[in-house]
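Below you'll find the structure, written out as structure tokens, and then a few comments.
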Amino acid sequence: MSVEFRKDLFADERDDDLNEVGKPTRRQDILGHVTGRSPFFDDHRFDGMLHIRCVRSPYHHARIRNIDTSRAETMPGVVRIMRGADVPVNLNTLLSLLDFGKDDEPVLAVDKVAYKGEPVLAIIAESEAQAHDAVNAVRVDYEELPHVLDVEEAIKPGAPSVNLTYPNNKFEFYGGTDKQKLRFGDVETGFARADYIVEGRYQMAPIEQAPIEPNGAIALPETNDRWACYTSTQGLFFTLGTAAKLLDVSSSRLHFIGGTVGGGFGGKVDGLCEPLAILGAMLTGRPVRYVLDRAEEMQVSAPRSAEVWYIKDGLASDGRIIARQFTGYFDSGAYTRLTSYGVVKCTGHLPGPYTIPNVQSDLYCVYTNRTPATAMRGFGVTGADFAIERHMDKGARAVGMGPLEFRLINAYRDGDMKAHRRLAGNCALIESIQAAAARANYPLTSEYMQMSSSQGGGGERAQIPATRLQDGSELPAGTRRIAAADHAPGLIPQVGVDVPVSGKPSTSATPAAPAPAQAQTQFAASPAMRGYGASSLGQSAPPPAPPPPAATPAAEASPPPAAKPQGSPGPRYSRYSKIGNRRR
Amino acid sequence: MAIHKGRGTCAMNYPIGMNLGGDPSQALVHSNPEGKFTVALSSIDLGQGMKSVSRQVAAETLGVPVEDVYVDTADSDTGPHCMGSFASRGTHRVGNAVIAAAKEARAIMLEAAAEELEVNAADLVTDGQGNIHVKGAPGNSISTQDACNAAQFKYGQSVSGRGIFLIPMSDVDPDTGEMSTVSCFAHTAMIVDLEVDDETGEVSNVRINSAYEVGRALNPKLVEQQLIGGAWMGLSHALYETTEPYYPSREHRPYSFSSYPMPGPGDLAQHDISILERPAPDGPYGGKGTGEMCANPVLPAVANAIYDAVGVEMDELPITPEKILRAIHEKQRQGA
Numbered sequence: 003m004s005v006e007f008r009k010d011l012f013a014d015e016r017d018d019d020l021n022e023v024g025k026p027t028r029r030q031d032i033l034g035h036v037t038g039r040s041p042f043f044d045d046h047r048f049d050g051m052l053h054i055r056c057v058r059s060p061y062h063h064a065r066i067r068n069i070d071t072s073r074a075e076t077m078p079g080v081v082r083i084m085r086g087a088d089v090p091v092n093l094n095t096l097l098s099l100l101d102f103g104k105d106d107e108p109v110l111a112v113d114k115v116a117y118k119g120e121p122v123l124a125i126i127a128e129s130e131a132q133a134h135d136a137v138n139a140v141r142v143d144y145e146e147l148p149h150v151l152d153v154e155e156a157i158k159p160g161a162p163s164v165n166l167t168y169p170n171n172k173f174e175f176y177g178g179t180d181k182q183k184l185r186f187g188d189v190e191t192g193f194a195r196a197d198y199i200v201e202g203r204y205q206m207a208p209i210e211q212a213p214i215e216p217n218g219a220i221a222l223p224e225t226n227d228r229w230a231c232y233t234s235t236q237g238l239f240f241t242l243g244t245a246a247k248l249l250d251v252s253s254s255r256l257h258f259i260g261g262t263v264g265g266g267f268g269g270k271v272d273g274l275c276e277p278l279a280i281l282g283a284m285l286t287g288r289p290v291r292y293v294l295d296r297a298e299e300m301q302v303s304a305p306r307s308a309e310v311w312y313i314k315d316g317l318a319s320d321g322r323i324i325a326r327q328f329t330g331y332f333d334s335g336a337y338t339r340l341t342s343y344g345v346v347k348c349t350g351h352l353p354g355p356y357t358i359p360n361v362q363s364d365l366y367c368v369y370t371n372r373t374p375a376t377a378m379r380g381f382g383v384t385g386a387d388f389a390i391e392r393h394m395d396k397g398a399r400a401v402g403m404g405p406l407e408f409r410l411i412n413a414y415r416d417g418d419m420k421a422h423r424r425l426a427g428n429c430a431l432i433e434s435i436q437a438a439a440a441r442a443n444y445p446l447t448s449e450y451m452q453m454s455s456s457q458g459g460g461g462e463r464a465q466i467p468a469t470r471l472q473d474g475s476e477l478p479a480g481t482r483r484i485a486a487a488d489h490a491p492g493l494i495p496q497v498g499v500d501v502p503v504s505g506k507p508s509t510s511a512t513p514a515a516p517a518p519a520q521a522q523t524q525f526a527a528s529p530a531m532r533g534y535g536a537s538s539l540g541q542s543a544p545p546p547a548p549p550p551p552a553a554t555p556a557a558e559a560s561p562p563p564a565a566k567p568q569g570s571p572g573p574r575y576s577r578y579s580k581i582g583n584r585r586r
Numbered sequence: 005m006a007i008h009k010g011r012g013t014c015a016m017n018y019p020i021g022m023n024l025g026g027d028p029s030q031a032l033v034h035s036n037p038e039g040k041f042t043v044a045l046s047s048i049d050l051g052q053g054m055k056s057v058s059r060q061v062a063a064e065t066l067g068v069p070v071e072d073v074y075v076d077t078a079d080s081d082t083g084p085h086c087m088g089s090f091a092s093r094g095t096h097r098v099g100n101a102v103i104a105a106a107k108e109a110r111a112i113m114l115e116a117a118a119e120e121l122e123v124n125a126a127d128l129v130t131d132g133q134g135n136i137h138v139k140g141a142p143g144n145s146i147s148t149q150d151a152c153n154a155a156q157f158k159y160g161q162s163v164s165g166r167g168i169f170l171i172p173m174s175d176v177d178p179d180t181g182e183m184s185t186v187s188c189f190a191h192t193a194m195i196v197d198l199e200v201d202d203e204t205g206e207v208s209n210v211r212i213n214s215a216y217e218v219g220r221a222l223n224p225k226l227v228e229q230q231l232i233g234g235a236w237m238g239l240s241h242a243l244y245e246t247t248e249p250y251y252p253s254r255e256h257r258p259y260s261f262s263s264y265p266m267p268g269p270g271d272l273a274q275h276d277i278s279i280l281e282r283p284a285p286d287g288p289y290g291g292k293g294t295g296e297m298c299a300n301p302v303l304p305a306v307a308n309a310i311y312d313a314v315g316v317e318m319d320e321l322p323i324t325p326e327k328i329l330r331a332i333h334e335k336q337r338q339g340a
């Protein structure tokens, strides 16, 4: 292993004369970690602590006819059996905290189960072994239902309905559409002009996040009618908010303690254990511990979603990609969790780090009778990038170019328009390719070694093309519909070296100073910003920072908005504050 | 029956922070009477070093030695809101919130120093070693400890600051997918060399050369650890891991690490890395985030190298020896 820092690259954009930043300082917590003394959630023990094990579905899809707990209730150590009816709000979707999607998943299944391993009952006992024994004594009478496991089968007419909230097995995206669309230019025209067409199908596997420490929580009654919860969550307030909603209590009555977590990789965002542990503490008045075992962690906590991809490229004989079309199916499993978010994030990532004048994508979040998928390292991107970068090699072969040369001539550069209608900036794909090639003695000719992210972009490449929509109509060139001063230079101040920092958005409705030429921006979203500023930042907000130097355009900047069509969605900034309003 | 050598490449970028924004993080910074600072967060350290990076960013901004700063996280009663540790957002979002909070605390510390030195606070600089002095006149100085002490015991000022970083949430146009995604991107390119045994389908002797552009390596050792560990996970995704080996069938699922293969120490690839730093205009000291991107390039680069070695298109993950052998046999059958 050797690591080198290429300080020669982008040196003019960087001040390396700092005191602490850039130093290989030893971690604050490393002594605790290597001596086994850092307190993780499961290092806490309390007198009278109880344990939860869940009764889980043995079927992919089944109706629950009857649940007989009579024998389990009388078994040694069993304190309480929790059913779906015991959960105050037994239906949730994680992203309701961001007002995205409909509640679709119970904590404990009531009428039917939709995947093998879905929890039906939670048994609380004096010991984990006693809870385990009681689980085996529960008799659930299931009526097996037809199931579907293949994403492309699941969205055909007549497929079994996996998820009652979305009976067609497709999540509903913005505007109620059954897929997330991306339209930029007209791929059909591009394909017609292409010298080569390259098509491929790709498949991403479901993968376990595999943290050493499994998902878990220990909840206990605190004084003052509150509950404490020691947790392995990756999002402390995210999980606290989820628990407060499901348990119908004010967030002020929950006290979450965590922060030192034994790996997450996306697998500890779903709040699988905290709500049931707290509910157990509420119902028994005693400390309750709920930790997944390794088999549960592997098969019934959520994996990375499987994905199926189809990509079609139209290539010019000189190696330029002139059209790229995607169809993708994200396997969400039985419930939404976070897959819908991954689909939208992926859409914003397409067509990869390349400047392509015609791009089309249709991505589906599909329900199947398998364990719900969730976030994992590279969420929404890893599978797409596998497909894209496999496809890039096939394209390079089709046009007879070297694989890195093919990537270099298509690489995005500062000032280029991306398919989601925002300008690129702060690009470094070309330099990364050159540096890797140098490392591996991959022979790039001087023509390719002289390319630069900061040269050759913009101009024609900055234009938003006329765009063919799904209904056949054409959107004029230059059209923008989303008010988006969000990331404009001057609004989000540059932070760090030698620049006064406010660290928060200016409450000003206009830019403090002219934006860089490549990222000229109008500030269409000011009403919401004013609203946010008034409520949260107060009148004492520091003055806006000066804009970043023109040599460094913001990585993602908005072009000037075109005429805004009537009926387009307005900015919605107050989503999170809605939560506060809903709670007591 | 032979060993075939192959080389595969790829290039990628990665978005930093939650797509569409709307994911704030907050920080509170305060000093005790001896000028020792606490940064209160509710952010999660998953092992990636979030606490350490926050600590260095706070020390840099405050102008005090890193030993004078400790990071306390995560208790919902004392730490202000943070969306969470995911989406490669910790360094970028939390780092910016910490800078904002530290700036506010620093300003109060400098005001007290200015009173003590009877100069204008705007003329003061910190040396990062625990001293505040007049710009160009290092002799006219006061320690950060004395300044913080004076602020609290003489002037009745709390040496503290609040910080939040938010990119307001973007909407999405349903017809075109227009959206403001994120504000900055990290980059990578990778070249993988490996060997494929056409008798067993096994891949071995993987050697990786890579470049990662990270904005700024706030702690180069932590960056190095992320990149090496991430590439290990990428190799595991490429060749070994899945919870459903015959997806979409649910047969033959693993339930423990003994049936869920991952690379062991002997399977670690030789990995040589070049790190590039093009500071993000809105990143803390230019920092982006490497946590997620670093696993991604290995997957296609390995698949592309396998094609180069034995001429089979491996388009479904993971690329097990079984899949390679079946593809080689199919290719031979078609050729025969």
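Those protein sequences? They're chains R and L, same order as listed. Under this note's numbering, the first sequence is numbered contiguously, ending at residue 586. Under this note's numbering, the second sequence is numbered contiguously, ending at residue 340. Beta carbons: idealized from backbone N, C-alpha and C, even for Gly.
Check: Taking the beta carbon of Ile435(R) as the centre, do at least 16 other beta carbons fall within 10 Å, making it buried, or is it exposed?; Outcome: buried
Check: According to DSSP, which residues form a beta bridge with Gly224(R)?; Outcome: Note that residue 224(R) is Glu in the sequence shown, not Gly. BP columns for Glu224(R) point to Arg228(R).
Check: Please tell me whether Ala325(R) has its Cβ less than 8 Å away from any Cβ of chain L.; Outcome: no
Check: May I ask you to list, following chain order, the residues of the segment 273-301 of chain R that have a beta carbon less than 8 Å from some beta carbon of chain L?; Outcome: Arg296, Ala297, Met300 and Gln301
Check: Rounded to the nearest angstrom, what separates Thr341(R) and Ser92(L) at their Cα positions?; Outcome: 17 Å
Check: Could you tell me which residues DSSP puts in a beta bridge with Ala78(L)?; Outcome: DSSP output for Ala78(L) lists no bridge partner at all.
Check: Is there a Cβ of chain L sitting closer than 8 Å to that of Asp500(R), yes or no?; Outcome: Reliability fails at Asp500(R), whose pLDDT of 40 lies under 50, so the model's placement of it is uncertain and no value is given.
Check: Is Cys86(L) helix, strand or coil by DSSP?; Outcome: strand
Check: With which residues is Cys56(R) paired in a DSSP beta bridge?; Outcome: Ala124(R)
Check: Could you check whether the segment 244-258 of chain L touches the segment 412-426 of chain R, counting it as contact only if at least three pairs of C-beta atoms, one from each stretch, sit closer than 8 Å?; Outcome: no
Check: Are the Cβ atoms of Ile54(R) and Ala124(R) separated by less than 8 Å?; Outcome: yes
Check: According to DSSP, simplified to helix, strand and coil, what is Ala155(L)?; Outcome: helix
Check: To the nearest angstrom, how far is it from the Cα of Asp44(R) to the Cα of Ser89(L)?; Outcome: 20 Å
Check: Could you work out which residues of chain R lie near Val75(L), taking near to mean beta carbons separated by less than 8 Å?; Outcome: Gln30
Check: Going by beta-carbon coordinates alone, are Val345(R) and Gln182(R) separated by less than 8 Å?; Outcome: yes
Check: Taking 8 Å as the threshold (C-beta atoms), are Thr338(R) and Thr76(R) in contact?; Outcome: no
Check: Please state if the CB of Ala44(L) and the CB of Gly99(L) are separated by a distance shorter than 8 Å.; Outcome: no
Check: Pop quiz: His191(L) and Leu431(R) are said to be a contact at Cβ under 8 Å. What is the actual Cβ separation, rounded to whole angstroms?; Outcome: 5 Å
Check: Do the CB positions of Arg11(L) and Leu66(L) come within less than 8 Å of each other?; Outcome: no
Check: Which parts of the segment 141-227 of chain L are runs of the beta strand (DSSP E), unbroken and 3 residues or longer, counting only runs that do not cross its ends?; Outcome: 141-147, 164-169, 189-201 and 207-217
Check: Which whole-angstrom value describes the C-beta separation of Gly330(R) and Glu309(R), a residue pair presumed to lie in contact below a C-beta threshold of 8 Å?; Outcome: 6 Å
Check: Using a Cβ-Cβ cutoff of 7 Å, what residues of the segment 133-153 of chain L are near chain R? List them in chain order.; Outcome: none
Check: What does Arg59(L) reach in chain R if we use C-beta pairs closer than 7 Å?; Outcome: Gln30
Check: Confirm, please, whether the CB-CB distance from Met16(L) to Met297(L) is below 8 Å.; Outcome: yes
Check: From Asn223(L) to Gly290(L), what distance separates their C-alpha atoms?; Outcome: 12 Å
Check: Can you list, in chain order, the residues of the segment 169-185 of chain R whose Cβ is nearer than 9 Å to any Cβ on chain L?; Outcome: Phe175, Tyr176, Gly177, Gly178, Thr179, Gln182, Lys183, Leu184 and Arg185
Check: Going by other Cβ atoms of all chains shown within 10 Å of its Cβ, with 16 needed for buried, is Gln338(L) buried or exposed?; Outcome: exposed
Check: Going by alpha carbons, who is nearest to Ala440(R) out of Val316(L), Glu255(L), Asp276(L) and Leu239(L)?; Outcome: Asp276(L)
Check: Taking Cβ to Cβ, would you say Ser240(L) is nearer than 8 Å to Pro267(L)?; Outcome: yes
Check: I'd like to confirm the pairing. Which residues does DSSP put opposite Phe332(R) in its beta bridges?; Outcome: Glu309(R) and Cys367(R)
Check: Can you tell me which of Gly293(L), His85(L) and Ala151(L) puts its alpha carbon nearest to the alpha carbon of Ser253(R)?; Outcome: His85(L)
Check: How should Gly38(R) be labelled, buried or exposed, when 16 other C-beta atoms within 10 angstroms of its C-beta is the threshold for buried?; Outcome: exposed
Check: Using a Cβ-Cβ cut-off of 8 Å, state whether Ser29(L) counts as contacting chain R.; Outcome: no
Check: Below 7 Å on C-beta distance, what does Gly315(L) contact in chain R?; Outcome: Here the premise fails: no neighbours, minimum Cβ distance about 11 Å.
Check: Pick out whichever of Asn135(L), Met113(L) and Asp49(L) has its Cα sitting closest to the Cα of Glu125(L).; Outcome: Note on identity: in this sequence residue 125(L) is Ala, with Glu being the wrong assignment. Among Asn135(L), Met113(L) and Asp49(L), the Cα nearest to that of Ala125(L) belongs to Met113(L).
Check: Which residue from Cys231(R), Gly268(R) and Ala194(R) puts its Cα closest to that of Gly260(R)?; Outcome: Cys231(R)
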